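First the structure, in the form of structure tokens, and then the observations on it.
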Amino acid sequence: MKRKKDRGAKGNAPDAAERESSAAEHESCADELIQLLSEDGAARRRFLKQTLLAGGGLAAANLLFSYHARASAHTSAAADAAAAPSNKLSTIPVTLRVNGRDYPLQLEPQVMLLDALRERIGLTGSKKGCDRGQCGACTVLADGHRINSCLALAASYDGAEITTIEGLARGDELHPLQAAFIKHDGFQCGYCTPGQIMSAAGLLREGCPTGMTVRECMSGNICRCGAYNGILAAIEEVRGSKA
Amino acid sequence: MSNQTDTQTKIVGKPVPRKEGRAKVTGAARYIDDLRMDGMLYGATVRSAVPRGRIREIKFGAGLPWDEFVVVTAADIPGENCVALILLDQPYLVAKFINHAEEPILLLAHADKHLLEKARRAVTFDVEPLSPIFTLEESLAKKEIIWGEDNIFKSYQVNKGNVDEVWAQADFIIEGEYRTGAQEQLYIEPNGVIAVANADAGVTVWGSMQCPYYVHKALLKLFALPEEKIRVIQTETGGGFGGKEEYPSMIAGHAALLSWKAGGRPVKIIYDRAEDMVATTKRHPSRTRHRTAVNKDGKLLGMEIEFVIDGGAYATLSSVVLSRGTIHAAGPYNCPNVRINAHAVATNVPPHGAFRGFGAPQSIFALERHLDKVAQVVGLSPAEFRRRNFIHEGETTATGQVIREPVDMEGLLARAFELTDYQAKRERFARANEGRSLKRGIGFASFMHGAGFTGSGEVYLQSIVGAEAGADGRVRLLAASTEIGQGTNTIFAQIAADALQIDFDLIEVAQPDTSNVPNSGPTVASRTTMIVGKLVESAALGLKQTLQNSGLLKANYTTDDWRAACRRHVEQFGLLKSFSQYKPPPGINWDEGKYQGDAYGAYAWAVYVAEVTVDMLTYEARVEDFVALQEVGKVVHPVLAAGQIEGGVAQAIGFTLYENVVWSEGRMLNNQMTNYIIPTSADIPPIRVYFEEQPYAYGPAGAKGIGELPMDGGAPAILNAIEHATGVAFNHVPLLPEALMQALNQTA
Ligand code: FES
Ligand code: FES
Chain A
1 MKRKKDRGAK GNAPDAAERE SSAAEHESCA DELIQLLSED GAARRRFLKQ
51 TLLAGGGLAA ANLLFSYHAR ASAHTSAAAD AAAAPSNKLS TIPVTLRVNG
101 RDYPLQLEPQ VMLLDALRER IGLTGSKKGC DRGQCGACTV LADGHRINSC
151 LALAASYDGA EITTIEGLAR GDELHPLQAA FIKHDGFQCG YCTPGQIMSA
201 AGLLREGCPT GMTVRECMSG NICRCGAYNG ILAAIEEVRG SKA
Chain B
1 MSNQTDTQTK IVGKPVPRKE GRAKVTGAAR YIDDLRMDGM LYGATVRSAV
51 PRGRIREIKF GAGLPWDEFV VVTAADIPGE NCVALILLDQ PYLVAKFINH
101 AEEPILLLAH ADKHLLEKAR RAVTFDVEPL SPIFTLEESL AKKEIIWGED
151 NIFKSYQVNK GNVDEVWAQA DFIIEGEYRT GAQEQLYIEP NGVIAVANAD
201 AGVTVWGSMQ CPYYVHKALL KLFALPEEKI RVIQTETGGG FGGKEEYPSM
251 IAGHAALLSW KAGGRPVKII YDRAEDMVAT TKRHPSRTRH RTAVNKDGKL
301 LGMEIEFVID GGAYATLSSV VLSRGTIHAA GPYNCPNVRI NAHAVATNVP
351 PHGAFRGFGA PQSIFALERH LDKVAQVVGL SPAEFRRRNF IHEGETTATG
401 QVIREPVDME GLLARAFELT DYQAKRERFA RANEGRSLKR GIGFASFMHG
451 AGFTGSGEVY LQSIVGAEAG ADGRVRLLAA STEIGQGTNT IFAQIAADAL
501 QIDFDLIEVA QPDTSNVPNS GPTVASRTTM IVGKLVESAA LGLKQTLQNS
551 GLLKANYTTD DWRAACRRHV EQFGLLKSFS QYKPPPGINW DEGKYQGDAY
601 GAYAWAVYVA EVTVDMLTYE ARVEDFVALQ EVGKVVHPVL AAGQIEGGVA
651 QAIGFTLYEN VVWSEGRMLN NQMTNYIIPT SADIPPIRVY FEEQPYAYGP
701 AGAKGIGELP MDGGAPAILN AIEHATGVAF NHVPLLPEAL MQALNQTA
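If you read the sequences in order, they're chains A and B. Using the numbering used here, the letters of the first sequence correspond one by one to residues 1 to 243. Using the numbering used here, the letters of the second sequence correspond one by one to residues 1 to 748.
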């Protein structure tokens, strides 16, 4: 039954959820980790937060940080933080490179990229529709790949090239996708729109895998207003002009 | 009108870019969660775990610094503990009796979101349980009395002719029962507000909402303050679909109570997705029973309809949802004898509320499924049966309303069939399906949707719209009607630009703020373009008239002349303003007591055709093609209008095939987007939208309402197509693969 594909999956871009599960395959897992990785994003993250807050779960913290090579430098800091008995976690230094600018931050290790962007850096263009990797409103590009930033630990993206909706236009000149979304009315309320456009930008770069349609490759980004006709027309137009 | 009208290029009817388009594609648009204030606290709601009971004690768990928290209970409410809407039965916070799971009992605020969440989980209630009821059957049977004297929020009876006399003359009597489930609005932006409240400054709330003046009215009672001390401002709103019609009054009140207790520190409450899904309103579940008398020529003689909706624990908007569902229950057909008995009943589930269509999708689903059955019994095709019974100009609806506009349902049907190759496919699929595991089917529904408030609603509302022109000739439209994605800002600006014959870019629409804009009524009921748009048109014309009467503007003018006239007016007399208030079109009569007369000023008329495949191996039903053809008066903005239809149809497809609320003990179990499934881009076909334009004399530039119509026809068209594909009549939605499997296995 084709009732619903995993909404976290977006074409062939390895997003956070996929990377987590591939990590799971490669590591020998404690029972908690099996639970951690088999449940949905929210449960998974709640579990992580709880184990971190409880001062335990070192294995989980180590695992989650170690499979992102670039974040591994912070593994020990995170583990130390997690081991601290206090309720409040100590923070770790993370430099997020967003839209070409470096933001040196002190973050608690469990802070998600979406929250770091919205609340620490003040880039509120990326939206929180579900906070569980289910809607796509928070989609950003990390090193050119689209990810659900609500599922991505900010610390894991230290040094990665993050692009958000605010970084797409060149000054006053809209990105062709932005212009096409306006032209084809690819939105109504606009809440899913930053995610749709970023997802489309990632898709244009990756290309649609053979045998899949743009319609399918965009199915991780939900639009309740139902502006799909316009969204797809906008993407096709830009895709066509690139080809 | 000046003769310039003819030469001036009109903006109405043109696909101008959305006013707020650029802000929305660049991430610059600010929604409520994007705003932050100094010293702001976060608020959380502690809710009931049980569906019904009496609170004995509130307990605060150990190990948390409770003195750091702002804590609000019912005892802290300065005014009345009720969410003022139609009735005053719903409390802001439970004082003693819990009437549904997830009912708010206590509020918390703290600067640290994570600590706040811990605290929310640490508050528990000692509750003496009471027996709950969860279904409309239990409610009708009065298994427990949980509301009023009989569990009934509202009943209506509509009578036309004398239905009791027709059964004896009928050649055929056909009965059927039809059900629809709850549906979650699932706007992608969850409910959220920020409030600042204290005794000196009063109460100010910013938030995501459809109806600022509903919130205003509710806060007046909650705080017992004078009107001018309450201010409600709509921020950019990420979808509503009805789900932000009445619920924002609740969350706004909660945030304001917390801020009040915190001495005026700003408090933000943003619902988590799971909380929004489990605790806020959904579409009313319904049950409709039909008994229909038909003669051998396939003419309708009589219809007896019983329509019941489950309103949940409090009255909220159930009476008006019921009203719309009732009036649409007999559809666009000419039947001399009709009786409709309708009830909205109470159950111990979170109150159901507004959702696009507002009762009509439920009763239209029943009727349009039922008529396919009637046609079959009579031995006519679904199309031929309807053709023999369609309503025409001069004939009367169930409420006795004489249709005074030209209606051509036959024409719509013929065109919809042409667009879909319906006749040929109907025959071809039936032949080809034999022995195939992928069965194809095609079906349709024909229906109408009344625009604006029901009956005397618009007269009571007395909506007002203002327009003001500054020295630079820019015109600001003042209305409380909200832009929630449907294009209000753009459409109002188009209407005003044409009325004034000036550049579209000179028109702006003020942010809805109750301290700045008059009450143009709620943004609901497909009323914004037709009713409020008309007021925009006349308020704008008022500006022009003032300038012309004072000799500042000639009969023929250019945009530059307009600017000059405005500048001179402002220099001489100050800001130029004009207001316009609703007046009903002539000849509209409605009898609220008998439920007779002109239920709506105008109707939109439509025929929707769905083509499906049913996979007999996976039991998956898919919509492969969908044509939505409607007559909605003059189309103000073809692209926005098509967007409204596409969006409504997508939601209707979800309502029909995917969106299933799983209930357990009166609580939604599947309150996530992974297990409550709404259509993605991969689940719906390209929706083909067509309009017939028949200008409506009393709408702005001839326009009628449009927003809700597309929610009505999808479910019956799709189920009619599934019956065509499988030969099995399904009479409930959502229709999930599990139900298809069960029924198809039985018949196999
Ligand atoms: S997928 Fe990240 S907010 Fe929904
Ligand atoms: S534009 Fe509203 S959810 Fe997509």
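The beta-carbon is built from N, C-alpha and C at its ideal position, and this holds for glycine as well. Just so you know, these numbers come straight off a predicted model, no measurement behind them.
query, result
"Using a Cβ-Cβ cut-off of 8 Å, state whether A650(B) counts as contacting chain A.", "yes"
"According to DSSP, is Q376(B) helix, strand or coil?", "helix"
"What first and last residue would you give for the beta strand (DSSP E) that runs through D102(A)?", "101-107"
"Check whether the Cβ atoms of N81(B) and A95(B) lie closer than 8 Å to each other.", "yes"
"Of all residues in the structure, which have a C-beta closer than 6 Å to any heavy atom of ligand 1, taken in chain order?", "K128(A), G129(A), C130(A), D131(A), G133(A), Q134(A), C135(A), G136(A), A137(A), C138(A), N148(A), C150(A)"
"Should the region 123-140 of chain B be regarded as contacting the region 56-71 of chain B, the criterion being three or more beta carbon pairs within less than 8 Å?", "yes"
"Here's a check: name, in chain order, each residue in its chain whose Cβ is nearer than 7 Å to the Cβ of I293(B), leaving out the five neighbours to either side.", "In the sequence as displayed, the identity of residue 293(B) is Ala instead of Ile. Cβ neighbours of A293(B) beyond the five flanking positions: V166, W167, A170, I173, L301, G302."
"Alpha carbon to alpha carbon, what distance is there between G207(A) and D67(B)?", "55 Å"
"Is the shortest distance between the beta-carbon of R120(B) and the beta-carbons of chain A less than 8 Å?", "no"
"Enumerate in chain order the residues of its own chain whose CB-to-CB distance from N589(B) is below 7 Å, with the five nearest sequence positions on each side excluded.", "G597, D598"
"Closer than 8 Å, Cβ to any Cβ of chain B: which residues of the region 142-175 of chain A, in chain order?", "T164, I165, E166, L168, A169, L174"
"Please classify S241(A) as buried or exposed, where buried requires at least 16 neighbouring CB atoms within 10 angstroms.", "exposed"
"Along the chain, where does the alpha helix (DSSP H) containing I147(A) start, and where does it finish?", "It is not in any alpha helix (DSSP H) - I147(A) instead sits in the beta strand (DSSP E) that spans 145-148."
"Using DSSP's beta-bridge definition, name the partner residues of H732(B).", "R179(B)"
"Pop quiz: T235(B) and Y422(B) are said to be a contact at Cβ under 8 Å. What is the actual Cβ separation, rounded to whole angstroms?", "That pair is no contact at about 45 Å."
"Can you list, in chain order, the residues of its chain with a C-beta nearer than 6 Å to that of M741(B)? Leave out the 5 residues immediately preceding and following it.", "Y619"
"Excluding sequence positions up to five away, which residues of its chain have a Cβ less than 6 Å from the Cβ of R688(B)?", "V627"
"I231(A) touches chain B at which residues, Cβ-Cβ below 8 Å?", "S681"
"Output the distance between the C-alpha atoms of P792(B) and R289(B), rounded to the nearest integer angstrom.", "Limits of chain B in this structure are 1 at one end and 748 at the other, which puts residue 792(B) out of reach."
"What is the rounded straight-line gap between the Cα of S131(B) and the Cα of Q90(B)?", "19 Å"
"Quick one, which residues of the region 11-33 of chain B are near chain A if we go by CB-CB under 9 Å, in chain order?", "P15, P17, R18, E20, G21, R22, A23, K24, V25, T26, G27, A28, A29, R30, Y31, D33"
"Identify whether Y247(B) lies in helix, strand or coil by the three-state DSSP scheme.", "helix"
"Can you list, in chain order, the residues of its chain with a C-beta nearer than 6 Å to that of E144(B)? Leave out the 5 residues immediately preceding and following it.", "S131, I133"
"Quick one: is T210(A) near chain B, going by C-beta distance under 8 Å?", "no"
"Here's a check: name, in chain order, each residue in its chain whose Cβ is nearer than 6 Å to the Cβ of R622(B), leaving out the five neighbours to either side.", "T613"
"For a contact defined as C-beta to C-beta under 8 Å, what are the partners of Y187(B) on chain A?", "C189, Y191, R224"
"Go to T45(B), then tell me how far its alpha helix (DSSP H) extends in each direction, as first and last residue.", "From DSSP, T45(B) is part of no alpha helix (DSSP H) but of the beta strand (DSSP E) over 41-47."
"Looking at ligand 2, does it come within less than 7 Å of A697(B), judged from the CB to the closest heavy atom?", "no"
"Determine the DSSP secondary structure at E165(B), reduced to helix, strand or coil.", "helix"
"Locate the beta strand (DSSP E) running through I233(B), then write down its first and last residues.", "230-234"
"Kindly list the residues whose CB is nearer than 6 Å to the CB of A329(B), restricted to its own chain and excluding five residues on each side of it in sequence; keep chain order.", "I305, F307, I340, S363"
"Would you check if the distance between the CB atom of A451(B) and the CB atom of A604(B) is smaller than 8 Å?", "yes"
"Can G243(B) be considered in contact with ligand 2, in the sense that its beta carbon sits closer than 7 Å to one or more heavy atoms?", "no"
"Does DSSP put F134(B) in a helix, a strand or coil?", "coil"
"Of the choices R440(B), G331(B), F358(B), V345(B), whose alpha-carbon is the least far from that of T396(B)?", "G331(B)"
"Whose C-beta lies closer than 7 Å to the C-beta of A721(B) among residues of the same chain, with five residues either side of it excluded?", "G441, I442, G443, A610, E611, V612"
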